[in-house]
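See below for the structure under consideration.
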Amino acid sequence: MNSIKKYVNKRFKKLTDHLKGYRPLHDQEALHQIRVEIKKLKSIISLIHFSFPKFRGHANFVPLRRIFRRAGEIRESEVLYKLQLAYEIDGVVDESIPKSAEADQLIIAFQKDVPRFLKIVKNQKKNLANSCKKVSKDSHRAYLKRLKAELKPILFPRLRRKMLHKARKLVKEILHLEEFGGKSNKHLFFSQAEKVIGQWHDKQVLLLLLKKIKSPEKIDLLKAKSSADELELKKMITQYYGDHKK
């Protein structure tokens, strides 16, 4: 499948560029994009394993996962600080923010390890290059169908709130795999659902933080906004699955 090969090459090119861009400047957006590109590559690795079970999906992802997790350690505190600003929440001491005390050390260590990360990326690109050829259009369609079948019972007919984080992962994987299949604009439902679930998830993270500072007014406000997200999501789900009954 030529489209998947082009897609994979593009992902590795962007991942390399973002790693190089992050090293001198500590660009928060570059760090976010590093994680996005690795998530997209994980989706491809899962697709290859589905198409060719002998392909060692987990082993091929582990080296990239190390970079992903290292970036995540830095992102954790940055995201929480950003969410506090967005929702005008004050009174949260740094000690309550995970990884905040070691943020500078984590950044310096990551920047120092960028050359090693670039070697990992180069090696994994070689490993995936030939494996992409094993993916056919039929297996691509079949894997997308399986992901959507796994997603549906989480959302419909009853929204399983405790599984929304898993639902978001599945939706993201569907979106990633539809990018090179020429279907990214076919169903707006998935991109809209991912956005709303993301907003809902941000509020759950903040609610856990607010419990530490005991701010009942802001907790009630966030709970109300979280309920509004759920209501919006339920309406989208009902409409989508009502139109796609098969």
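Per the numbering used here, the sequence shown starts with residue 1208, numbered consecutively.
Ideal placement from N, C-alpha and C gives every residue a C-beta, glycine not left out.
Since we're looking at a predicted model, the values are computed, not measured.
Please confirm if residue i has its CB atom under 9 angstroms from at least one CB of chain B.
i     : result
S1210 : This model lacks chain B altogether; it includes just one protein chain.
Assuming residue i is part of the alpha helix (DSSP H), what are its boundary residues?
i     : result
P1260 : Note, P1260: premise wrong, no alpha helix (DSSP H); not H, not E.
I1426 : 1423-1450
A1308 : Premise fails: A1308 is in no alpha helix (DSSP H) and is neither H nor E.
V1215 : 1209-1232
P1360 : 1344-1362
I1420 : 1395-1420
L1384 : 1371-1386
For residue i, which residues from the same chain have a beta carbon less than 6 angstroms from its beta carbon, with the 5 sequence-adjacent residues on both sides left out?
i     : result
D1409 : L1290
I1404 : L1371, R1375
S1258 : K1341, V1342, S1346
L1256 : Per the sequence shown, the amino acid found at residue 1256 is His instead of Leu. So the list reads F1262, G1264, once near-sequence residues are dropped.
Y1447 : F1396
K1221 : E1244
I1252 : G1264, N1267, F1268
In chain order, what residues of the same chain have a beta carbon less than 7 angstroms from the beta carbon of residue i, not counting five sequence neighbours either side?
i     : result
R1367 : I1361
N1334 : N1267
F1363 : I1444, Y1448
K1355 : I1381
Could you give the C-beta distance for residue i and residue j, rounded to a whole number, given that I count them as a contact under 8 angstroms?
i     : j     : result
L1271 : I1245 : 5 angstroms
F1317 : R1277 : 6 angstroms
Y1214 : F1387 : 4 angstroms
L1417 : L1429 : 7 angstroms
I1314 : I1281 : 6 angstroms
For residue i, I'd like the list of residues in its chain whose CB is within less than 8 angstroms of its CB, leaving aside the five on either flank, ordered along the chain.
i     : result
V1378 : L1358, F1397, A1400, E1401, I1404
K1212 : A1336, C1339, K1340
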